[in-house]
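With our numbering, letter number 117 in the sequence shown gets 117, and the count goes up by one each step, no holes.
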Amino acid sequence: MDYQIALLGGDGIGPEVIAQAARVLERVGTAFGHSFVFKPALIGGCAIDATGSALPDETLAACRSADAVLLGAVGGPKWDNPTATVRPEQGLLGIRKGLGLYANLRPVKMNEMLIGASTIKPEVLRGTDLVVVRELTGGIYFGERGRRDDGNTAYDTMIYSRAEIERVLHTAFRLARQRRGKVTSVDKANVLESSRLWRETATIVAKAYPDVAFEHLLVDACAMHLIRRPATFDVIVTENMFGDILTDEASMLAGSMGMLPSASLAEGTLGLYEPIHGSAPDIAGQGIANPVGAILSAALLLRLSLGLEQEALAVERAVDQVLAEGYRTRDIAENASEVITTTVMGDLICERVTA
Ligand code: NAD
């Protein structure tokens, strides 16, 4: 089968790690008899330099006609002018909106080999395997905002419709069915009206999934329990801003930014897959970035957009194997003498992908 993949390397280490993820997909193609056709396109700072826009029309068109999108990262000091009217991050917001990517999934799975890299005690972390599902296109980031009283009072509005809440909750419940069968819905229903609608809607949606264990949790309690008992969570689902904060907190459980993948899903099968890290300008161009977050994003792409579970597992197994054999990029190495480059990490993972 032929699959079209839009390849958006972006800025900094983005193109370096995406190149390795694309090689791993090619290797999956050879091992399992698929063909991946890559369509490179510009986003972020490099797109601004080339076209004046952070998200050129051709990029959005390439993504819309693809089966899935693989993205590196955008931004860097060159474009870091807060007063500029065109900024790299506009590419990210634009693509989320343009593709209708309403559910952001961030899996955090503790790798036993890297348990020492986290700031949290190993006995607390052991067994952690959770996914935060964050609503991505609604809430306070998109509500009405402004200033009054001559600029001395500011307001932002948290707004959600029942339909927006329902669809992301269905995403969370469907995901829980493929995992350990538990959903935790996070809100601030003791204070916020939008959270009361969230809780009411979640309770109704949960009735359609009697096989999935379900609980509500207040966001402040969730923030605490994430570092006290992370292994008890399976799928956590929440609104945009709470999710923004909780996903960053959850990612720190795993110790290194370079290891974690993410998926952003629209209606249907189209999805955008990217490592959670940024463009890391401090190490860009040195060939030392960890490509594992990007490669595990490619595994999510195989699973969630293309429905290729065996192929996704083959990639995840290959990553585990390389780490178990002791290979490390600089960010996760305890001993400087054992460090390998971005490309060598890609080579080693490719070699271990088998049908
Ligand atoms: P960052 O994630 O780029 O880097 C934080 C630290 O982690 C740096 O020391 C970096 O070297 C290290 N790091 C990150 N990814 C790594 C990897 N794969 N391998 C090894 N080390 C890695 O975050 P930042 O420094 O706050 O931001 C840098 C730029 O990236 C900014 O312009 C920011 O706006 C942008 N950014 C983009 C995205 C995105 O595109 N989704 C996300 C976050 C930040």
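Just so it is clear, CB atoms sit at the ideal spot from N, CA and C, and this is done for glycine as well.
Leaving out the 5 sequence neighbours to the left and right, which residues in its chain are closer than 7 Å to residue i when beta-carbon positions are compared?
i           : result
residue 143 : 156, 157, 158, 159
residue 44  : 10, 11, 54, 74, 75, 88, 91
residue 136 : 96, 101, 102, 103, 104, 240, 264
residue 349 : 24, 295, 318, 319, 322
residue 247 : 106, 132, 134
residue 77  : 281
residue 326 : 338
residue 15  : 9, 72
residue 171 : 103, 133, 265
residue 205 : 166, 169, 170, 173
residue 27  : 350, 353
For the ligand NAD, I want to know if residue i counts as a neighbour, meaning its beta carbon is within less than 8 Å of at least one of the ligand's heavy atoms.
i           : result
residue 105 : no
residue 25  : no
residue 329 : yes
residue 279 : yes
residue 348 : no
residue 338 : no
residue 252 : no
residue 288 : yes
residue 271 : no
residue 117 : no
residue 17  : yes
residue 82  : no
residue 334 : no
residue 13  : yes
residue 74  : yes
residue 92  : yes
residue 351 : no
residue 257 : yes
residue 276 : yes
residue 187 : no
residue 89  : yes
residue 100 : no
residue 9   : no
residue 283 : yes
residue 143 : no
residue 77  : yes
residue 44  : yes
residue 243 : no
residue 293 : yes
Within the same chain, show all residues whose beta-carbon is closer than 6 Å to that of residue i, passing over the 5 residues directly before and after it, in chain order.
i           : result
residue 147 : 154
residue 300 : 261, 263, 273
residue 225 : none
residue 291 : 17, 20, 342, 345, 346
residue 303 : 309, 312
residue 165 : 198, 201
residue 269 : 305
residue 194 : 158, 160
residue 34  : 1
residue 129 : 109
residue 140 : 156, 158, 241
residue 179 : 234
residue 355 : 31, 32
Who are the Cβ neighbours of residue i in its own chain at under 8 Å, not counting the five residues just before and after it?
i           : result
residue 199 : 185, 187, 189, 216
residue 51  : 42
residue 276 : 106, 247, 251, 257, 260, 261, 262, 293
residue 352 : 317, 318, 321, 322
residue 125 : 110, 115, 118, 230, 231, 253
residue 329 : 258, 288, 289, 290, 291, 292, 339, 340, 341, 342, 345
residue 122 : 115, 116
Give the C-beta separation of residue i and residue j to the nearest angstrom, bearing in mind that I take them to be a contact with Cβ-Cβ under 8 Å.
i           : j           : result
residue 69  : residue 163 : Rounded, the Cβ-Cβ distance is 25 Å, inconsistent with contact.
residue 40  : residue 47  : With a Cβ gap of about 12 Å, residue 40 and residue 47 do not count as contacting.
residue 314 : residue 22  : With 8 Å as the limit, residue 314 and residue 22 do not qualify as a contact, their Cβ atoms being about 16 Å apart.
residue 231 : residue 127 : 4 Å
residue 235 : residue 175 : 5 Å
residue 289 : residue 120 : Not quite, the Cβ-Cβ distance comes to about 24 Å (not below 8 Å), so this is no contact.
residue 113 : residue 324 : 6 Å
residue 63  : residue 99  : 6 Å
residue 237 : residue 168 : 6 Å
residue 2   : residue 37  : 6 Å
residue 249 : residue 221 : The pair is not a contact, with the Cβ atoms about 13 Å apart (cut-off 8 Å).
residue 242 : residue 219 : 5 Å
residue 4   : residue 49  : Between residue 49 and residue 4 the Cβ distance is about 26 Å, and since that is not below 8 Å, they are no contact.
Contact between the region 194-210 and the region 105-123 is defined here as three or more beta-carbon pairs at a separation below 8 Å; is this criterion met? no
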